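Colleague:
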Amino acid sequence: MNRPALDSFWIPFTSNREFKADPRMIVSAKGMYYQSEDGRDILDGTAGLWCCNAGHSHPKIVEAISKSVATLDYAPNFQFGHPGAFELSARLADAFPEHLNHFFFANSGSEAVDSALKIALAYQRARGKGSKTRLIGRERGYHGVGFGGISVGGIVKNRMYFGNLIAGVDHLRHTHDPARNAYSRGEVEFGVERAEDLLGLIQLHDASNIAAVIVEPVAGSTGVLPPPKGYLQRLRQICDEHDILLIFDEVITGFGRLGEMTAAQYFGVEPDLITFAKGVTSGVIPLGGVAVRDEIYETMLEGADAPIELFHGYTYSGHPLATAAALACLDIYETESLFSRVREQGAVLEEKTHQLKGANHIIDIRTIGLIAGIELAPDPDRPGARGFEVMKKSWQKGLMVRVTGDTLALSPPFIVTPAQIEDMLSILTDILSEIE
Ligand SMILES: Cc1ncc(COP(=O)(O)O)c(C=O)c1O
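The numbering of the sequence shown is my numbering, which starts it at 152 and goes up by one.
1. Hey, is Asp189 close to ligand 1, as in C-beta under 7 Å from one of its heavy atoms?
2. Any idea what DSSP makes of Gly260, helix, strand or coil?
3. Where does Arg276 sit, in a helix, a strand or coil, going by DSSP?
4. Return the chain-ordered list of same chain residues with a C-beta closer than 6 Å to the C-beta of Thr474, the five sequence neighbours on each side being excluded.
5. Could you check if Gln230 is buried or exposed, using at least 16 other CB atoms within 10 Å of its CB as the buried criterion?
6. Tell me whether Leu157 sits in a helix, a strand or coil according to DSSP, three-state version.
7. With 16 other CB atoms within 10 Å as the buried threshold, where does Asp533 fall?
8. Compute the Euclidean distance between the alpha carbons of Ile287 and Val364, then round it to the nearest angstrom.
9. By the 10 Å Cβ neighbour count, where 16 or more other Cβ atoms means buried, how is Arg331 classified, buried or exposed?
10. Assuming the contact rule is C-beta atoms closer than 8 Å, Gly419 and Gly497 should be a hit. Round their C-beta distance to whole Å, please.
11. Skipping 5 residues on each side, what residues in its chain have a beta carbon closer than 7 Å to that of Ala479?
12. Would the region 271-279 and the region 371-388 be scored as touching if the rule is three or more Cβ pairs under 8 Å?
13. Taking 7 Å as the line, does the beta carbon of Gly520 fall inside it for any heavy atom of ligand 1?
14. Pairs of beta-carbons, one from the region 564-582 and one from the region 197-212, closer than 8 Å: are there three or more?
15. Counting pairs of Cβ atoms below 8 Å between the region 187-199 and the region 548-555, do you hit three or more?
16. In the DSSP assignment, the alpha helix (DSSP H) including Phe399 goes from what residue to what residue?
17. With respect to 7 Å, is the separation between the Cβ of Gly439 and the closest non-hydrogen atom of ligand 1 below this value?
18. In or out: Asn426 buried (at least 16 other Cβ within 10 Å) or exposed?
19. Specify, as a first and last residue, the run of the beta strand (DSSP E) that Asp515 falls within.
20. Beta strand (DSSP E) containing Gly300: first to last residue?
21. Using DSSP with H/G/I as helix, E/B as strand and the rest coil, what is Ile447?
22. Hey, out of Arg285, Ala346, Leu500, whose CA is closest to Ser359's CA?
23. Examine ligand 1 and report whether any of its heavy atoms sits within less than 7 Å of the Cβ of Gly371.
24. Thinking just about the alpha-carbon of each residue, which of Phe313, Ala273, Thr518, Met311 is nearest to the one in Ala457?
25. Report the option in His356, Phe399, Gly304, Gly469 whose CA atom is closest to the CA atom of Phe256.
26. Which same chain residues, not among the five before or five after Gly319, have their C-beta less than 7 Å away from its C-beta?
27. I'd like to confirm the pairing. Which residues does DSSP put opposite Thr150 in its beta bridges?
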């Protein structure tokens, strides 16, 4: 296959110089495997970027999109509509937590987050509480790359180059505490007290000035951080007591990654808004969105001071191809019982990954749902270099892993088999024994 010139594409979140010197080029995908340009099968240990939950090129999704594009390529959802967006919303309302029955569509996780923050602010104003404007995120949170998302997010590099961000944002401490919680399975034992940080911020600003708190139920992008036992419940309780909205960013955890439709259902904590993206279409077509509690939607409709109740939306909000892909995906999740597969294969992944304990460089292993985080001791002079080397060597040996800093993450498609999990871990075991 002829490789195109590499110079013009500015590759996101990547060292362009390193990649262009030694590209990892993917040309096709089917089921659990990618194919590289040199004809090798690459086992997908990460579901792309945590999104291809149903496996690659699923024939039912391909068929749904092909049909959709031939029937209705595009329809505006401003002032007009098409049945797919309504049908998808109704299906999601049935599947999401009880009181979250209204759905706003965007195109990505970043847009979903910014939409949720805007809905939270507009809702507070619509109910006569316009002083509630402050937003609270968390250290090590990843909420995409919009200005709202990086402002409530807690990753230094994603924030430090971009000026003043949005005003009026505070952060809870993160919950990562390896000294007490190393080698965890499921929720971690210690750290519930960190939810009390929220009370400190309420004391500082007064709840009358705070609109919403946003957290990932399991922080994914900063290295797989499951919540401490009782932590999400305690955040919910404090938000209830102080009339603050709770937003779960479920861009990774939504659509089955923990074996339930949402992490909210998995942990038994109902937030006021849920952001989602990725798995809603199995990553095939960009789609993100916000699930909204009934009371918020109803207040916005009743309290509107203009015919349009929310001055927000995207040209592609609820795009017909995206809604067709999502509807096909919901069918697949159901008919192929993929969420119960997550529970079964999650147990295998947990067992096998924890067997790596004691291998060269490993300092922690964290597992939850169909996710495993494997943390390596950083090379003191070059933090992140060891993780990066493992990622590169994995590619050479036919495995895609995700790396953030020196933490490797495995989050395969839900169709993964025990033998494929075994393959992933034996490749990683070999690599760990080789690297300095
Ligand atoms: C929790 C969370 N929120 C938001 C995002 C941003 O999603 P996107 O890259 O689709 O904008 C991500 C992406 O990984 C995420 O993990």
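For every residue, glycine included, the Cβ atom is placed at its ideal position computed from N, Cα and C. Every value quoted in this text rests on a predicted model; they were computed, and no experiment measured them.
Modeller: A quick look at the data gives this:
1. To locate residue 189, count along the sequence shown from 1; it is residue 38. Asp189 Cβ: outside cutoff for every heavy atom of ligand 1.
2. Taking the first residue of the sequence shown as position 1, residue 260 is located at position 109. Helix at Gly260.
3. Counting from one through the sequence shown, the residue named residue 276 turns up at place 125. DSSP places Arg276 in helix when its eight states are reduced to three.
4. Counting from 1 along the sequence shown, the entry for residue 474 is found at position 323. For Thr474, where only same-chain residues beyond five positions count, the Cβ hits under 6 Å are Gly235, Ala236, Leu239.
5. Reading the sequence shown from its first residue, position 79 is the one you call residue 230. Flag for Gln230 reads exposed.
6. As a working mapping, residue 157 is identified with position 6 in the sequence shown. Three-state result, Leu157: coil.
7. Mapped onto the sequence shown, residue 533 falls at position 382. For the sequence presented, residue 533 should be read as Arg rather than Asp. When all chains shown are included, Arg533 counts as exposed.
8. For this step, residue 287 is matched to residue 136 along the sequence shown. For this step, residue 364 is matched to residue 213 along the sequence shown. Those two C-alpha atoms are separated by around 5 Å.
9. For the purposes of this step, residue 331 is taken as residue 180 along the sequence shown, with counting starting at 1. By the 10 Å Cβ count, Arg331 comes out exposed.
10. Numbered from 1 along the sequence shown, position 268 holds the residue referred to as residue 419. Numbered from 1 along the sequence shown, position 346 holds the residue referred to as residue 497. Not really, about 18 Å apart at Cβ, beyond 8 Å.
11. Residue mapping note: residue 479 aligns to position 328 of the sequence shown, counting from 1. If we look at Ala479 and ignore the five residues flanking it on each side, its Cβ neighbours are Lys211, Ile212, Ala215.
12. no
13. In the sequence shown, residue 520 corresponds to position 369, counting from 1. No, the Cβ of Gly520 stays beyond 7 Å of every heavy atom of ligand 1.
14. yes
15. yes
16. As a position in the sequence shown, residue 399 is number 248, starting the count at 1. Not the alpha helix (DSSP H): Phe399 falls in the beta strand (DSSP E), residues 396-400.
17. The residue you call residue 439 lines up with position 288 of the sequence shown. It does: the Cβ of Gly439 is within 7 Å (strictly closer) of some heavy atom of ligand 1.
18. Taking the sequence shown and counting its residues from 1, the one referred to as residue 426 is at position 275. Per the sequence shown, the amino acid found at residue 426 is Thr instead of Asn. Buried, because 16 or more other Cβ atoms sit within 10 Å of the Cβ of Thr426.
19. As a first step, residue 515 is located in the sequence shown; it is residue number 364 there, counting from the start. Here the beta strand (DSSP E) through Asp515 covers 513-519.
20. In the sequence shown, residue 300 corresponds to position 149, counting from 1. Gly300 -> not in any beta strand (DSSP E); alpha helix (DSSP H) instead, spanning 298-303.
21. As a working note, residue 447 is residue 296 in the sequence shown. Residue state, collapsed to three classes: helix.
22. Along the sequence shown, read from residue 1 onward, the residue named residue 359 stands at position 208. Looking at the Cα atoms, Arg285 is the closest of the given residues.
23. The residue labelled residue 371 in the question sits at position 220 within the sequence shown. The answer is yes for Gly371.
24. Along the sequence shown, read from residue 1 onward, the residue named residue 457 stands at position 306. Comparing Cα positions, the closest option is Ala273.
25. Along the sequence shown, one-based indexing puts residue 256 at 105. The shortest C-alpha separation from Phe256 is found at Gly469.
26. The residue labelled residue 319 in the question sits at position 168 within the sequence shown. Once the five neighbours on either side are set aside, the close Cβ partners of Gly319 are Thr284, Arg285, Leu286.
27. Any property of residue 150 remains undetermined from this structure, which presents the chain solely from 152 to 587.
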